[in-house]
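Take a look at the structure set out below.
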Amino acid sequence: GDHGMAFAVLRRCARIVNRGAPRRNLSFTYPSPRKLDDIVKLHIMAMEEPDKIVKVWTEFHDRKLGVASGVLRGRRKFEVLMQRARKSPFFVYPLKSETPGNFSVLMAQFQGKHCLMTGLEDYVEKKEEASPHLVVTFYDELLSEKDLVLVRTDICNPGFSKESAEKMNSAIIKNYLTSSGYEIVDKFNHAPKEFEKLNYLPNPDNHL
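Each residue of the sequence shown is one higher than the last, beginning at 245 in this note's numbering.
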């Protein structure tokens with residue numbers, strides 16, 4: 245079935261990505277502002293309650309094309325996410341295409357508070373010159389006062405919808421913050437042969 249096909253694709257990806265070639269950082273121009281204050285009036289937003297901040301952030305991005313929003317609540321969660329992202333910055337995500345049984349694959353790489361996602365084939369062919377399709381940015385300016393990290397996903401490839409960008413955002417957070425998810429990410433980065441033995445079943449709802 246689809247799950248079996250997707251898992252076969254990911255096992256192949258693990259062999260490709262981890263076959264001994266040095267892995268370099270993707271080179272990219274930031275598609276989103278680097279500071280939260282460049283997007284919203286931070287001094288005004290900081291006076292609001294957390295739930296209101298989330299509402300404003302979500303509604304602001306709902307009106308904009310080419311971006312999707314999210315939120316991460318809790319200092320400890322963000323600290324764990326960043327710690328694990330530094331240790332295991334790479335992962336792959338299969339995307340179900342419109343053609344039954346076909347999957348394309350996104351290669352994800354954390355660089356600091358950014359997670360870049362590009363096509364696996366582009367990554368294998370162009371390495372650090374591969375262009376990102378999605379860039380997820382975690383803004384932590386409100387973390388100390390509001391216990392919130394605001395998340396923004398910039399869509400660099402028009403083939404992606406807001407919905408697919410939001411799904412990938414959620415998938416990244418889930419994989420790095422759940423024990424079962426991070427076990428798979430960790431093995432992909434540090435024990436690819438073990439990753440190939442795992443019964444990893446990706447989210448079948450992810451699609452372009």
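Every residue gets a Cβ at the ideal spot worked out from N, C-alpha and C, and that includes glycine.
Using the Cα positions of residue i and residue j, report the straight-line distance between them to the nearest angstrom.
{"i": "A352", "j": "A290", "result": "31 Å"}
{"i": "V284", "j": "K357", "result": "18 Å"}
{"i": "I288", "j": "L280", "result": "12 Å"}
{"i": "K308", "j": "R396", "result": "12 Å"}
{"i": "F432", "j": "P402", "result": "29 Å"}
{"i": "S375", "j": "E323", "result": "28 Å"}
{"i": "L394", "j": "K437", "result": "35 Å"}
{"i": "E373", "j": "C400", "result": "15 Å"}
{"i": "S388", "j": "R319", "result": "8 Å"}
{"i": "R328", "j": "Y420", "result": "7 Å"}
{"i": "A415", "j": "T422", "result": "11 Å"}
{"i": "R330", "j": "K418", "result": "16 Å"}
{"i": "E292", "j": "V336", "result": "37 Å"}
{"i": "F404", "j": "R278", "result": "22 Å"}
{"i": "S424", "j": "L325", "result": "14 Å"}
{"i": "E369", "j": "S332", "result": "22 Å"}
{"i": "V300", "j": "S348", "result": "34 Å"}
{"i": "L286", "j": "K371", "result": "36 Å"}
Using C-beta distances below 6 Å, list every residue in its chain close to residue i, excluding the 5 sequence neighbours before and after it, in chain order.
{"i": "H434", "result": "none"}
{"i": "E410", "result": "A312"}
Nearest CA to the CA of residue i: which residue from the options?
{"i": "F354", "options": "S348, V379, K371 and L339", "result": "V379"}
{"i": "T302", "options": "V315, E385 and E389", "result": "V315"}
{"i": "F439", "options": "E373, F334 and N401", "result": "F334"}
{"i": "D282", "options": "T422, Y420 and Y383", "result": "Y383"}
{"i": "G310", "options": "P436, V324 and D398", "result": "D398"}
{"i": "K406", "options": "H305, P277, R278 and V300", "result": "H305"}
{"i": "T381", "options": "V300, P338, K437 and L360", "result": "L360"}
{"i": "S313", "options": "K321, K371, S408 and Y337", "result": "S408"}
{"i": "H377", "options": "K390, L350 and K370", "result": "L350"}
{"i": "L339", "options": "K418, T422, M412 and E369", "result": "M412"}
Note down, in chain order, each residue of its chain lying with its Cβ closer than 8 Å to the Cβ of residue i, except the 5 sequence neighbours on either side.
{"i": "P266", "result": "Because the pLDDT at P266 is just 47, under 50, the model does not fix this residue reliably, and the value given afterwards should be weighed accordingly. Cβ within range, chain order: n/a, list empty."}
{"i": "L392", "result": "P294, I297, V298, V315, L316, R317 and L386"}
{"i": "T343", "result": "Confidence at T343 is low in this model, with a pLDDT of 46, below 50, so the placement of that residue should be treated as unreliable; the coordinate-derived value is given next. Closer than 8 Å at the Cβ level, and outside the excluded window around T343, lies no residue."}
Under 7 Å Cβ to Cβ from residue i, same chain only, skipping five residues before and after it: list those, please.
{"i": "K321", "result": "L421"}
Let me see if you follow: with CB-CB separation under 8 Å, is residue i close to chain B or not?
{"i": "V368", "result": "As a matter of chain content, chain B is missing from the structure shown, which is built from one protein chain."}
Problem set entry | Three-pair Cβ contact test at 8 Å for the stretch 415-432 versus the stretch 364-373 | no
Problem set entry | alpha helix (DSSP H) runs contained entirely in the stretch 360-428, provided each spans 4 or more residues | 364-370, 387-390 and 406-421
Problem set entry | Secondary structure, alpha helix (DSSP H): runs of 4+ residues fully inside the stretch 269-316 | 286-289 and 294-306
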